[in-house]
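One structure below.
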Amino acid sequence: MSHRPSTVQGMTTPLRKAPARPRAGLPRLAAFDVDGTLINRQGVLTERTASALRALAEAGVITALATGRPWPQAQSVVRQASGVSYAVCLNGAVVMDAVAGEQIADRAMTHIEAIEAAEIARKLMPDVRLGLDMADGRHVWEHDFAPVMPVDLLADISVDRVDDALSAVDGPVLTWLVHAPSVDTLAIIDELSPDMPLGTEIRPSGLDMAEIAAAGVSKSAGLEIICQRYGFDAADVLAFGDGLNDIDMLRWAGQAVAMSNAPDSVRDAADRVAPSNQDDGVAVVVEAMLAGEGGLLAGRGGAFAAAPPGGRSDG
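1011 is the number of the first residue of the sequence shown in our numbering; add one for each residue after it.
Structure follows, in structure tokens:
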């Protein structure tokens, strides 16, 4: 894996004493995407996967979510998978201490950057519909902003609906959500990226839309904040993901696993491929690692075979 640097200016946290090093073959930090990785298509974190995460934490591995979800919508997963210590939310714009429920870092666009970015998006693509995540925790969507989103996320989120999202910007903005009916997310990014204002960038959100955030914000940058607390580096990290918004994290981490339900570009960024999120792929890999099987560094580029609970994972 290439360990390119990934930092976010201003996101620093105090150094903490690292827990005892896990036994050989286990990472110091394990990071998990949520939608399409930890939870299945029904939005369920299965007991097998939750148990695997708990066992990993009990083995001395610090565990973290790395998700495009805001913190309130990540909390349900934290509660089900006891032992999760951190949550990198909004694709790296916010880093939470999941145990204390406290924010330890964030990176927002300034008011001016946010307004300019949205105005450019609307000028170049008049059909775009906008939503935004404010740094004060508010979520504001235009009335006709209607991308496909996980059912449980829609059920949990509290949204203010407005005619014009730009009029609601009265402070720092963590992310703009950019959706255009019948326009592919990557096409939106290709169209808008060259004209994004200094200090901002547009990238995949992990859902059926693009996302504008402060330049340098990413899942890997958020995970670096956690690493800095303990004196870890990328080589100490194991990451799991399935989406385009996971590619930077998978390339950065010392060990990377893509789900078999991921597109080719995501799988190409990983060392190994796990079974799909419908087949408890995360649990298959974690169980194999805890059993001393399926060592990632010993056999890169392969796939983990699906196995029953407690069964052997060959590959």
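C-beta atoms are modelled at their ideal positions from N, C-alpha and C, and glycine is treated no differently. Every value quoted in this text rests on a predicted model; they were computed, and no experiment measured them.
Check: What ranges does the beta strand (DSSP E) occupy inside the region 1219-1279, keeping only unbroken runs of at least 3 residues that lie completely in it?; Outcome: 1220-1224, 1247-1251, 1265-1269
Check: Using a Cβ-Cβ cut-off of 7 Å (strictly less than) and excluding sequence neighbours within five positions of P1319, which residues of its own chain qualify?; Outcome: Because P1319 carries a pLDDT of 43, less than 50, the predicted location of this residue cannot be relied on, and the following value inherits that uncertainty. Answer for P1319: R1058, listed in chain order.
Check: Could you please give the first and the last residue of the uninterrupted beta strand (DSSP E) stretch that includes H1149?; Outcome: 1149-1152
Check: For V1150, count neighbouring Cβ atoms within 10 angstroms of its own Cβ and tell me buried if that reaches 16, exposed if not.; Outcome: buried
Check: Threshold first: 4 residues or longer. Then list the alpha helix (DSSP H) segments lying entirely within the region 1048-1117, N to C.; Outcome: 1057-1068, 1081-1090
Check: In whole angstroms, give me the CA-to-CA distance for L1241 and L1202.; Outcome: Checking the displayed sequence, the identity of residue 1241 turns out to be Gly instead of Leu. Their Cα atoms are separated by approximately 37 Å.
Check: How far does the alpha helix (DSSP H) with D1200 in it reach, from first residue to last?; Outcome: 1195-1202
Check: Can you tell me which of D1174, V1169, R1261 puts its alpha carbon nearest to the alpha carbon of D1137?; Outcome: D1174
Check: Out of A1156, E1126, D1170, state which residue places its alpha-carbon closest to the alpha-carbon of M1144.; Outcome: D1170
Check: If you draw a straight line from the C-alpha of P1214 to the C-alpha of E1068, how long is it?; Outcome: 34 Å
Check: Just the Cα atoms here: how many angstroms apart are A1224 and R1117?; Outcome: 7 Å
Check: For C1237, which option in I1125, R1051, L1142, V1098 has the closest C-alpha, if you only look at C-alpha atoms?; Outcome: V1098
Check: Tell me the rounded alpha-carbon separation between E1123 and L1208.; Outcome: 8 Å
Check: Below 8 Å on the Cβ atoms is my contact criterion, and I expect A1076 with L1233 to pass it. Report the Cβ-Cβ distance as a whole number of Å.; Outcome: 6 Å
Check: If you follow the alpha helix (DSSP H) that M1299 is part of, which residue opens it and which one closes it?; Outcome: 1291-1300
Check: In whole angstroms, give me the CA-to-CA distance for V1109 and V1094.; Outcome: 7 Å
Check: Would you identify the three-state DSSP class for D1146, choosing helix, strand or coil?; Outcome: coil
Check: How is A1034 classed by DSSP in three states: helix, strand or coil?; Outcome: coil
Check: Report the CB separation of R1139 from A1190 in whole angstroms; it is logged as a contact under 8 Å.; Outcome: 7 Å
Check: I'd like to know whether the C-beta atoms of I1222 and M1119 end up nearer to each other than 9 Å.; Outcome: yes
Check: Counting only the same chain and skipping the five closest in sequence on each side, list residues whose C-beta sits under 6 Å from that of A1245.; Outcome: G1264
Check: If you follow the beta strand (DSSP E) that A1284 is in, where does it begin and where does it stop?; Outcome: 1282-1284
Check: Specify the secondary structure class of D1173 as computed by DSSP and reduced to three states.; Outcome: coil
Check: Where does the unbroken beta strand (DSSP E) through I1212 begin, and where does it stop?; Outcome: 1210-1214
Check: Quick check on A1041: does DSSP put it in helix, strand or coil?; Outcome: strand
Check: If you measure from the beta carbon of G1035 to each beta carbon in chain C, is any gap under 9 Å?; Outcome: Absence of chain C from the displayed structure is noted, only one protein chain being present.
Check: Helix or strand or just coil, what does DSSP make of L1134?; Outcome: helix
Check: Identify every residue that forms a DSSP beta bridge with L1140.; Outcome: V1188
Check: Kindly indicate which residue of D1107, V1188, D1154 has the alpha-carbon position closest to the one of I1130.; Outcome: V1188
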